[in-house]
Amino acid sequence: MGAGTDLGRVRGLGAAKDGVHHWWLQRVTAIANILLMLWFIFSLVRLPGLDYSSVTLWLRQPVAAVPMLLLIVSVFWHLRLGVQVLLEDYVHGAPRVLAMLALNFYALAGAAAAVFAVLKIALGAV
Amino acid sequence: MAGRPISPRPLSPHLTIWKWQVHAIVSILHRITGNAMALGAVVLFLWWLIAAATGPAAYLTFMAVATGWFGILVGIGFTWTFFQHLCSGVRHLIMDTGQGFDLGTSKAMATGTLVISVALTVLTWATIYIYKGF
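Just so you know, the sequences run in chain order A and B.
Residue numbering for the first sequence is 1 to 126, as defined by my numbering.
Residue numbering for the second sequence is 1001 to 1134, as defined by my numbering.
Now the structure itself:
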């Protein structure tokens, strides 16, 4: 790492814009979460009941399954970005790397399981 | 920073010295509620969804726990957690546009998130109580 010029000092520390990208995606998923969560809450309230057949019949409709898939992607993406900030603030060194790894696995595995569950119901495999 | 002389100068006041104000409380609540949902409510959501995809028996097990007194307590807790994070998140989106930084507005918005989140939690559970009946 050089010490002479400003460019030399920052070279190799990673691209700029990455923080802005994180910040921006946090906002994009936040706004998506507002819309999709309000849809989710109103949909549940409007169901005749929260029993097995009411919920599965509801999720079998494309107008419910598609927003539900979007909700899963948006929520898991948002939490992945949010918990990252928590880890960056409070966990340091090697434990942070492990925690970030665990966070990524958790977010991806959780989202995959949720997407699979919705598809299984929506495609009539239940 | 090896070799840097230890200075007796006072350090910047930090959490133990600052008086807690509503903005600070709402700010830390945003972090606590967000991460609590990320690691708690989301797991319950997964349980609900996977139970529905598994079959009636698995779904019945989930509902038995969810409609028990402890399940309802957790449900009410996460309902408030969600609404607090939602209101606080909207507050942040407003502040992202450069609005609401003067002392009065800032304090009113922070207090507003607490009032609205409690009100929406009561409204939600009143709706559940009246229309779903348990």
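Heads up, the beta-carbon is just placed ideally off N, CA and C, and yes, glycines get one too.
Asked: Output needed for residue 108 of chain A: all residues of its chain with C-beta closer than 6 Å, excluding positions within five of it in sequence on either side, in chain order.; Found: none
Asked: At a Cβ cut of 9 Å, what residues of the stretch 56-84 of chain A count as close to chain B, listed as they run along the chain?; Found: 56, 59, 68, 72, 75, 76, 78, 79, 80, 82 and 83
Asked: CB-CB under 7 Å to residue 1100 of chain B, same chain, minus the five flanking residues each way: which ones, in chain order?; Found: 1094, 1106 and 1109
Asked: Check whether the Cβ atoms of residue 1088 of chain B and residue 1113 of chain B lie closer than 8 Å to each other.; Found: yes
Asked: Hey, is residue 1044 of chain B close to the ligand PLP, as in C-beta under 7 Å from one of its heavy atoms?; Found: In the structure on display, the ligand PLP does not appear, and there are no ligands present to speak of.
Asked: Return no unless some Cβ of chain B is closer than 8 Å to the Cβ of residue 36 of chain A.; Found: no
Asked: Can you tell me which of A:48, A:19, A:69 and A:76 puts its alpha carbon nearest to the alpha carbon of residue 110 of chain A?; Found: A:76
Asked: Can you tell which of B:1044, B:1067, B:1063 and B:1023 has its C-alpha closest to the C-alpha of residue 1102 of chain B?; Found: B:1023
Asked: Buried or exposed: where does residue 1084 of chain B fall if 16 or more other Cβ atoms within 10 Å of its Cβ makes it buried?; Found: buried
Asked: For residue 121 of chain A and residue 13 of chain A, what's the separation of their Cα atoms in angstroms?; Found: 46 Å
Asked: Against chain B, with Cβ distances strictly below 8 Å, would residue 151 of chain A count as a contact?; Found: Since the first residue shown for chain A is 1 and the last is 126, residue 151 of chain A is missing from the structure and cannot be characterised.
Asked: Where does residue 30 of chain A land, buried or exposed, given buried means 16+ other C-beta within 10 angstroms?; Found: buried
Asked: Do you know how far the Cα of residue 1028 of chain B is from the Cα of residue 72 of chain A?; Found: 25 Å
Asked: Using a cut-off of 7 Å between C-beta atoms, extract the partners of residue 25 of chain A located in chain B.; Found: Within chain B, no residue comes near residue 25 of chain A; the closest Cβ sits about 14 Å away, beyond 7 Å.
Asked: Counting only Cβ pairs nearer than 8 Å, list the residues of chain A close to residue 959 of chain B.; Found: An answer regarding residue 959 of chain B cannot be provided, because it is not within the stretch 1001 to 1134 covered by chain B.
Asked: For residue 989 of chain B, is the classification buried or exposed, using 16 other Cβ atoms within 10 angstroms of its Cβ as the cut-off for buried?; Found: Here chain B covers residues 1001 to 1134 and nothing more, so residue 989 of chain B does not appear.
Asked: From the beta carbon of residue 1129 of chain B, is the nearest beta carbon of chain A less than 8 Å away?; Found: no
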